[in-house]
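In the working numbering, the protein residues as written are 144 to 828.
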């Protein structure tokens with residue numbers, strides 16, 4: 144262990160490596176012995192720096208000989224005196240254990256003894272393990288640049304040392320008793336690398352004197368009974384070639400450094416050029432980006448203009464296509480112009496013939512009227528005589544005109560008296576006017592022959608008695624809603640004015656003033672309705688059945704028989720609605736199902752449809768528009784043109800005398816309201 148410490152401290156001294164760099168490794172490598180090694184490194188590094196070694200190469204070379212051995216011996220063993228000459232130095236190197244010898248400056252003898260005792264107390268296996276770790280550390284140190292050759296020799300010495308120690312640890316051969324007793328006396332109670340007064344390593348250099356270089360720095364731990372390597376052996380170790388190799392390697396490293404520095408300067412110049420080029424490239428890039436933005440804006444403008452041009456082109460194509468279509472139409476019209484003229488001429492000729500025929504018919508009617516009217520015939524006779532008079536000499540013209548006017552007035556008075564007598568006889572004129580009103584409602588009011596669903600405000604009993612005069616029945620549905628139905632015995636007739644027409648007349652007349660409308664009830668809503676009475680009246684409601692193949696599962700390829708039944712309901716000969724049934728395989732069952740749907744489900748659906756389509760306000764507007772169109776065609780603007788007050792009074796008189804019913808009077812009042820509403824619409828437009 145002393146040899147390892149001596150050699151390792153010398154290596155650090157030559158290479159100039161700081162001992163603090165190896166402190167962690169030594170502590171983990173040698174355990175407690177690392178404290179001693181760290182102390183030796185600090186002392187040696189402080190006294191022998193790399194710069195002092197470089198200045199004094201001869202001192203370094205001599206350090207590998209005597210001085211290096213002496214320092215290592217004093218550092219580990221603490222023995223020897225201060226040498227005064229070569230003889231004393233030689234004797235001191237051989238000498239025994241003088242603990243009072245002088246130590247180099249900076250060393251503490253007590254600390255060194257404590258460390259030696261600590262190392263000696265370690266078992267043999269632990270000491271061998273420490274030697275192996277020291278060898279591994281030497282190998283690791285050999286990889287450091289500049290220390291390779293020196294470390295290689297240390298590694299060889301350490302390997303020889305380990306081999307020799309392992310050989311000594313083997314069991315010795317049989318020896319005489321006196322030899323055994325001698326050996327026991329020398330070894331003492333304990334054995335090991337660093338135990339007892341004698342060191343196991345003390346005989347290593349005596350048996351291996353040829354390996355003087357590996358024995359440098361190793362000495363005995365005990366007293367004068369064991370001696371270390373001699374100065375002559377230590378002088379054989381020459382570290383000059385290693386140091387020269389180190390300086391040569393340092394020169395090569397400096398040459399490499401200079402070459403690297405030249406390369407660095409070249410690269411720096413090249414880098415500056417590249418930086419300038421990069422700055423120029425950035426400026427160029429900035430200018431190019433600016434130009435690119437302008438170009439992009441121009442491209443956007445061009446794209447927008449291109450889109451506008453495309454739209455204009457599209458419009459131009461559409462106009463051209465329209466122009467082509469119009470050109471084709473013009474050509475077709477030109478080709479068919481002659482045919483159209485001929486057709487138009489034929490139509491005009493037909494219309495002319497019809498008008499001439501109407502004119503001749505009117506002339507014939509006028510001639511018949513002249514023949515029937517005695518006053519007209521007498522006036523023609525007088526006119527023929529007057530034509531023969533001289534116009535220049537005719538003083539009696541005024542007398543003859545006055546006499547003819549007196550005759551005409553007398554005739555008109557007698558004619559009015561005769562008209563009044565004829566019109567009032569049995570209410571003939573009133574009957575004729577009411578018949579015209581009924582005709583108007585039957586032709587212009589949809590479903591005028593249907594029953595009615597009405598909403599009543601006022602006395603419902605009065606309404607029941609009122610409709611009873613017409614032979615109708617009143618059936619309550621819910622609050623203020625009733626069904627006005629024709630009797631079940633009513634027969635089918637195209638001129639039958641049903642409850643819906645009567646209810647519509649009552650609704651319209653209810654909008655007259657209170658002086659005219661004197662009934663105790665008003666109808667606020669009226670719509671056509673197919674009641675159960677009407678649907679069950681076989682004289683008015685007839686059903687027609689049609690058969691067809693059912694469209695159930697399998698289609699018509701499976702359903703080859705005509706089992707589907709379509710039932711159509713006709714009211715007074717006009718179609719109303721349809722019901723169908725195809726669920727059963729039997730045509731008779733489907734017929735019964737269709738009839739049941741016709742009377743119940745489909746009837747309710749049809750009534751709801753009628754209520755939506757024929758709202759009372761919409762029907763009123765339609766009738767008013769019809770009268771407005773008639774007034775415009777005749778150039779009339781007064782309601783008296785349709786319902787004169789004299790005619791209304793005549794109907795009222797006929798009702799009072801019992802020639803007409805109250806229903807007929809309210810039919811006329813309803814027409815009177817429509818004529819007044821039409822007059823208001825004509826005046827507003």
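All C-beta atoms in this analysis are idealised placements derived from N, C-alpha and C, irrespective of residue type, glycine included. None of the values given here were measured: they were computed from a predicted structure.
Give me whichever residues DSSP pairs with residue 621 in a beta bridge.
-> Per DSSP, the beta-bridge partners of residue 621 are 624.
Taking the C-alpha atoms as reference points, what is the distance between residue 429 and residue 446?
-> Distance from the CA atom of residue 429 to the CA atom of residue 446, rounded to whole angstroms, is 25 Å.
State the CB to CB distance for the pair residue 690 and residue 705, rounded to an integer number of angstroms; the pair is presumed to be in contact (CB under 8 Å).
-> Indeed they touch by this definition, with Cβ atoms about 4 Å apart.
Any idea what DSSP makes of residue 642, helix, strand or coil?
-> DSSP, reduced to helix, strand and coil, places residue 642 within a helical segment of the structure shown.
Identify every run of the beta strand (DSSP E) within the segment 629-679, keeping only runs that are complete inside it and at least 3 residues long; order them along the chain.
-> As far as the segment 629-679 is concerned, its whole beta strand (DSSP E) runs of at least 3 residues are 664-672.
With DSSP as the reference, please indicate the residues paired to residue 279 in a beta bridge.
-> Residue 279 has no beta-bridge partner at all, per DSSP.
How close, in whole Å, do the beta carbons of residue 712 and residue 640 come, if the pair is a contact with beta carbons under 8 Å?
-> Rounded, the Cβ-Cβ distance is 21 Å, inconsistent with contact.
Residues near residue 759 by beta carbon distance below 8 Å, same chain, minus five either side | Cβ within range, chain order: 647, 650, 668, 669 and 670.
Three-state secondary structure (DSSP) of residue 824 | In the structure shown, residue 824 sits in a helix (DSSP, three-state: H, G or I).
Let me know if residue 753 comes out buried or exposed under the rule of 16 or more other beta-carbons within 10 Å of its beta-carbon.
-> Counting Cβ neighbours within 10 Å, residue 753 comes out buried, since at least 16 surround it.
For the 8 Å Cβ check, are there 3 or more pairs between the segment 769-778 and the segment 547-564?
-> With a cut-off of 8 Å on Cβ pairs, the segment 769-778 is not in contact with the segment 547-564, counting fewer than three such pairs.
Looking only at C-alpha atoms, which of 588, 736 and 580 sits nearest to residue 815?
-> Among 588, 736 and 580, the Cα nearest to that of residue 815 is on 580.
Identify, in the order they occur along the chain, each residue of the same chain with its Cβ nearer than 7 Å to the Cβ of residue 720, setting aside the five sequence neighbours on each side.
-> The beta carbon of residue 720 sits closer than 7 Å to the beta carbons of 712, 745 and 749 from its chain, once the five residues preceding and following it are set aside; these are given in chain order.
Report the three-state DSSP secondary structure of residue 800 (helix, strand or coil).
-> When secondary structure is reduced to three states using DSSP, residue 800 falls in the coil class, being assigned neither helix nor strand.
CA-to-CA distance, residue 820 to residue 602, given in whole angstroms = Answer to the nearest angstrom: the Cα atoms are 27 Å apart.
Contact between the segment 781-794 and the segment 566-574: three or more CB pairs below 8 Å?
-> Three or more Cβ pairs drawn from the segment 781-794 and the segment 566-574 lie within less than 8 Å of each other, which places the two stretches in contact.
Starting from residue 735 and walking both ways along the alpha helix (DSSP H), at which residues does that stretch end?
-> 730-742 is the span of the alpha helix (DSSP H), which, as asked, contains residue 735.
List the endpoints of the continuous beta strand (DSSP E) containing residue 601.
-> Segment 594-601, the beta strand (DSSP E) holding residue 601.
Residue 714, DSSP secondary structure in three states | If DSSP states are grouped into helix, strand and coil, residue 714 belongs with the strands.
Could you give the DSSP three-state label for residue 287: helix, strand or coil?
-> DSSP, read as helix, strand or coil, puts residue 287 in coil.
Three-way DSSP call (helix, strand, coil) for residue 689 in this model | Annotated three-state conformation of residue 689 is strand, per DSSP.
Every unbroken beta strand (DSSP E) within the segment 555-616, with a cutoff of 3 residues, ordered by chain = Uninterrupted beta strand (DSSP E) stretches at least 3 residues long and entirely within the segment 555-616 occur at 594-601, given in chain order.
Cα-Cα, which of 822, 807 and 278 is closest to residue 577?
-> Minimum Cα distance to residue 577 is reached at 807.
What distance in whole Å lies between the Cβ atoms of residue 644 and residue 588, which are believed to be in contact at a cut-off of 8 Å?
-> Correct: roughly 6 Å between the Cβ atoms.
The alpha helix (DSSP H) with residue 433 in it runs from where to where?
-> From DSSP, the alpha helix (DSSP H) with residue 433 extends over 383-478.
Residue interval of the alpha helix (DSSP H) (run including residue 773) = Boundaries of the alpha helix (DSSP H) around residue 773: 759-777.
If you check the beta carbons only, do residue 707 and residue 723 fall under 8 Å apart?
-> Contact: yes.
What separation, rounded to the nearest whole angstrom, lies between the Cα atoms of residue 686 and residue 818?
-> Between the alpha carbons of residue 686 and residue 818 lies a gap of roughly 40 Å.
Contact between the segment 539-559 and the segment 496-513 (3+ Cβ pairs under 8 Å) = No contact exists between the segment 539-559 and the segment 496-513.
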